[in-house]
Amino acid sequence: MKSSISPVLSLALVTSALAAIATLSVRSSHAEESAAPTTAPMTDPTTDPTTAPTTQSIYKVASYGIGHNIGMQMKSAPIGIDTDELKRGLSDALEGKPSQVSEEQLQAAMAQVEREVMSKQAAVQQDLASTTKIAGAKFAEENAKLPGVTTTASGLQIQTITEGTGPNPKATDVVKVHYTGTLIDGTKFDSSVDRGEPISFALNEVIPGWTEGVQLIKVGGKARLVIPSDLAYGDNPRPGGPIPPGSTLVFEVELLGIETPAKAD
Numbered sequence: 339m340k341s342s343i344s345p346v347l348s349l350a351l352v353t354s355a356l357a358a359i360a361t362l363s364v365r366s367s368h369a370e371e372s373a374a375p376t377t378a379p380m381t382d383p384t385t386d387p388t389t390a391p392t393t394q395s396i397y398k399v400a401s402y403g404i405g406h407n408i409g410m411q412m413k414s415a416p417i418g419i420d421t422d423e424l425k426r427g428l429s430d431a432l433e434g435k436p437s438q439v440s441e442e443q444l445q446a447a448m449a450q451v452e453r454e455v456m457s458k459q460a461a462v463q464q465d466l467a468s469t470t471k472i473a474g475a476k477f478a479e480e481n482a483k484l485p486g487v488t489t490t491a492s493g494l495q496i497q498t499i500t501e502g503t504g505p506n507p508k509a510t511d512v513v514k515v516h517y518t519g520t521l522i523d524g525t526k527f528d529s530s531v532d533r534g535e536p537i538s539f540a541l542n543e544v545i546p547g548w549t550e551g552v553q554l555i556k557v558g559g560k561a562r563l564v565i566p567s568d569l570a571y572g573d574n575p576r577p578g579g580p581i582p583p584g585s586t587l588v589f590e591v592e593l594l595g596i597e598t599p600a601k602a603d
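Numbering (this note's numbering) for the sequence shown: 339 to 603.
Below, the structure is given as structure tokens:
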């Protein structure tokens with residue numbers, strides 16, 4: 339969904355990238371020494387099927403590709419890259435020259451960069467959460483008008499699909515359910531139904547919207563829950579996961595059973 343490259347540019351990423359290029363450079367130089375000299379321009383084997391790729395051309399393509407990929411990664415990072423200094427650092431490393439900055443200077447600079455990136459990320463996250471919450475509130479407002487929808491004091495909405503015949507669970511129970519979770523636009527982010535395997539969990543160990551909502555379903559019943567963000571994952575869902583910050587979530591839940599009844603007071 340998003341790029342798999344973390345926007346926080348760590349020192350380890352830079353170091354590993356330089357090491358990969360240095361290794362490739364050594365291999366490439368060895369290959370060039372053993373290859374027959376040529377003055378012909380590099381042929382792209384993907385555009386000229388009549389020319390077999392040479393070791394030399396393969397390493398040139400790979401070298402360019404690595405450089406381009408690193409550039410794309412750094413471009414996606416929300417920091418200002420000084421391309422002249424980047425090229426100088428790459429050149430010095432590949433030529434075996436000593437670093438022009440000390441390890442202490444580099445560590446301090448990278449720490450500052452990470453702090454700035456994290457601050458920018460937090461601001462973006464907050465803006466996204468605010469926008470998503472507004473959309474969620476509008477969705478809940480319209481959903482409340484549907485037949486059979488009940489809104490609780492917390493803002494949770496429940497609509498019975500199939501009335502159960504068994505007891506209602508308590509917050510301390512372990513319940514067994516089938517469920518499907520979607521965003522308000524219908525995007526599915528999780529489903530035990532699709533996996534073909536129900537799930538069991540302690541009802542007081544999940545998000546508040548589930549703790550409250552499942553207690554309103556009788557065993558054997560199925561209901562649709564609309565859970566506002568403050569009863570779900572709030573502004574901080576799992577990083578890189580499918581749920582945006584501030585999301586109102588929709589769950590269709592079937593309560594299959596109570597596995598551990600709550601102890602009587």
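Ideal placement from N, C-alpha and C gives every residue a C-beta, glycine not left out.
As the structure is a computational prediction, the values presented were derived from the model and not from experiment.
* Alpha-carbon to alpha-carbon, I396 and E371 -> In this prediction, E371 has a pLDDT of 43, which is less than 50 and means its spatial position is unreliable; what the coordinates show is noted afterwards. The C-alpha of I396 is placed about 15 Å away from the C-alpha of E371.
* Asked: In terms of residue numbering, what span does the beta strand (DSSP E) encompassing Y614 cover?
  -> In the structure as shown, the chain starts at 339 and stops at 603, and residue 614 therefore has no counterpart that could be examined.
* Asked: CB-CB under 6 Å to T503, same chain, minus the five flanking residues each way: which ones, in chain order?
  -> Excluding sequence neighbours, T503 sits near G558.
* Sequence-distant residues of the same chain with beta carbon closer than 6 Å to E590, five excluded per side -> So the qualifying residues of the chain are T518 and R562.
* Asked: Rounded to a whole number of angstroms, what is the C-alpha to C-alpha distance between A360 and G434?
  -> Confidence at A360 is low in this model, with a pLDDT of 46, below 50, so its placement is unreliable and the value that follows should be read with caution. Put simply, the backbone Cα of A360 is about 9 Å away from that of G434.
* To do: Note down the Cα distance separating I596 from Q497, rounded to an integer number of angstroms.
  => Roughly 21 Å separates the two Cα atoms.
* Spatial neighbours of Q553 in its chain, beta-carbon cut-off 8 Å, leaving aside the 5 residues before and after -> Once the five neighbours on either side are set aside, the close Cβ partners of Q553 are N506, P507, K508, A509 and L541.
* Please say whether Q464 and D568 have beta carbons closer to each other than 8 Å? => No; because the gap between Cβ atoms is not below 8 Å, this pair is not in contact.
* Close-in-space but distant-in-sequence residues of the same chain around A461 (CB under 7 Å, 5 per side omitted) -> The answer is none, since no qualifying residue turns up.
* **Residue span of the beta strand (DSSP E) that contains G547, given as start and end** => Note, G547: premise wrong, no beta strand (DSSP E); alpha helix (DSSP H) at P546 to V552.
* **Spatially closest choice to K317 from P582, R453, A446 and G551, by CA coordinates** => Absent from the structure is residue 317, since the part of the chain shown begins at 339 and ends at 603.
* Asked: Under the rule that 16 or more other beta-carbon atoms within 10 Å means buried, what is Q445, buried or exposed?
  -> Exposed.
* **Alpha-carbon to alpha-carbon, S457 and S429** => About 32 Å.
* Any idea if S585 is buried or exposed, counting beta-carbon neighbours within 10 angstroms, 16 or more meaning buried? -> With 16 or more other Cβ atoms inside 10 Å of its own Cβ, S585 counts as buried.
* Asked: Going by alpha carbons, who is nearest to V439 out of I499, Q450 and G427?
  -> Cα-wise, what sits closest to V439 is G427.
* Can you tell which of G418, L424 and L494 has its C-alpha closest to the C-alpha of E454? -> Nearest option by C-alpha distance: G418.
* To do: Pick helix, strand or coil for R562, following the three-state DSSP scheme.
  => In this structure, R562 counts as strand in the three-state DSSP scheme.
* Per DSSP, I419 forms a beta bridge with which residues? -> According to DSSP, I419 bridges with nothing at all.
* To do: Round the Cβ separation of I537 and L593 to the nearest angstrom and send it over; I've been treating them as touching at under 8 Å.
  => Contact between I537 and L593 fails: their C-beta atoms lie close to 12 Å from each other, not under 8 Å.
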